[in-house]
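Below: the structure, in structure tokens.
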Amino acid sequence: GDSVTQMEGPVTLSEEAFLTINCTYTATGYPSLFWYVQYPGEGLQLLLKATKADDKGSNKGFEATYRKETTSFHLEKGSVQVSDSAVYFCALCHNQGGKLIFGQGTELSVKP
Amino acid sequence: GAGVSQSPSNKVTEKGKDVELRCDPISGHTALYWYRQSLGQGLEFLIYFQGNSAPDKSGLPSDRFSAERTGGSVSTLTIQRTQQEDSAVYLCASSPPGQGASGYTFGSGTRLTVV
Chain A
108 GDSVTQMEGP
118 VTLSEEAFLT
128 INCTYTATGY
138 PSLFWYVQYP
148 GEGLQLLLKA
158 TKADDKGSNK
168 GFEATYRKET
178 TSFHLEKGSV
188 QVSDSAVYFC
198 ALCHNQGGKL
208 IFGQGTELSV
218 KP
Chain B
35 GAGVSQSPSN
45 KVTEKGKDVE
55 LRCDPISGHT
65 ALYWYRQSLG
75 QGLEFLIYFQ
85 GNSAPDKSGL
95 PSDRFSAERT
105 GGSVSTLTIQ
115 RTQQEDSAVY
125 LCASSPPGQG
135 ASGYTFGSGT
145 RLTVV
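Dropping the structure here:
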């Protein structure tokens, strides 16, 4: 069945460091891919998405590119801030009406 | 309301008791989803309602779990004879017509603790 694998956390970075959180997936066909973020004490929020191969999703300085050849959707940010500290979830959806399959989540802690 | 509302926010129950968790979706959202977030299991899909269609129950972990959605709006997730492994945060999300996973709004969840 479909699955999503994320790099394990926690990831600890200094402010202004470069961030990469790896995400790979297993799925038939062409799923849509998502990154969700859960800030401390808050609910899950959609961060960015990509619906087809080679699409790049971006938001709040974060980017991820849908790579069909490597079945990956790695999250990147050039310069992280303390306020980016959160848990990040990679997810896929096999059709627009259906359920999300989530990765395990990666906790990011950014130190000043 | 402005967002997806879940109640209660916290629930502590004794093993073997039944619990009901409530989700009020955003008005006009036709799709409603339940997920479970637990340590070691991440976020797991439980059940999905879309309009008047039969729900997708493929994620319910056992027959102790059931859910209904009345009048296409409020949903209740019921867990019978709770077990300690049911302890988790139960999340509800709703989505507008035609947006599916691209339009999710999640609630803040119900933290269930079975003692």
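Quick mapping for you: the protein sequence lines, in order, are chains A and B. Going by this note's numbering, the first residue of the first sequence is number 108, and it counts up by one from there. Going by this note's numbering, the first residue of the second sequence is number 35, and it counts up by one from there. The C-beta atom is built at its ideal place from N, Cα and C for all residues, glycine as well. All values derive from a computational prediction rather than experimental measurement.
Neighbours of L207/A in chain B, taken as residues whose beta carbon is under 9 Å from its own, are Y67, Y69, L77, F79, A127, A135 and Y138 in chain order. In the structure shown, G76/B adopts extended strand secondary structure according to DSSP, grouped into three states. Apart from sequence neighbours up to five positions away, the residues of its chain that approach E214/A with a beta-carbon distance below 6 Å are G116, P117 and V194, ordered along the chain. Using beta-carbon distances, G105/B does not count as an interface residue toward chain A, since no partner is under 8 Å. A65/B is not a Cβ neighbour of G141/B, given a cutoff of 8 Å.
Out of I81/B, P59/B, S87/B and S43/B, the CA that lies nearest to the CA of F99/B is found in I81/B. As a beta-bridge residue in DSSP terms, D90/B pairs with Y82/B.
Between the stretch 123-139 of chain A and the stretch 180-195 of chain A there are three or more C-beta pairs closer than 8 Å, enough to call the two in contact. In terms of Cβ geometry, A101/B and S109/B form a close pair [threshold 8 Å].
Rounded to whole angstroms, S96/B and S192/A show a C-alpha spacing of 35 Å.
Taking the CA atoms as reference points, V53/B sits about 13 Å from S43/B. If you draw a straight line from the Cα of E149/A to the Cα of S87/B, it is about 31 Å long.
Residue pairing from DSSP places L66/B in a beta bridge opposite F83/B and S128/B. Across the stretch 113-126 of chain B, CB contacts with chain A closer than 8 Å involve L125, in sequence order along the chain. At a cut-off of 8 Å between beta carbons, S139/A contacts chain B.
With distances taken between CA atoms, G132/B lies nearest to Q84/B out of E48/B, Q84/B and E78/B. Using beta-carbon distances, K159/A does not count as an interface residue toward chain B, since no partner is under 8 Å. Between the beta-carbon of G143/B and that of L125/B there is about 5 Å, and that keeps the pair under the 8 Å contact cut.
The alpha-carbon separation between G50/B and K167/A amounts to approximately 45 Å. When Cβ-Cβ separations below 8 Å define contact, L151/A makes contact with chain B. Spanning the alpha carbons of R70/B and D161/A requires a straight line of approximately 31 Å. Shown here, G164/A sits in a strand according to DSSP, grouped into three states. Here L155/A is buried. Its C-beta has 16 or more other C-beta atoms within 10 Å. Between G212/A and C197/A, the alpha-carbon positions lie close to 7 Å from each other.
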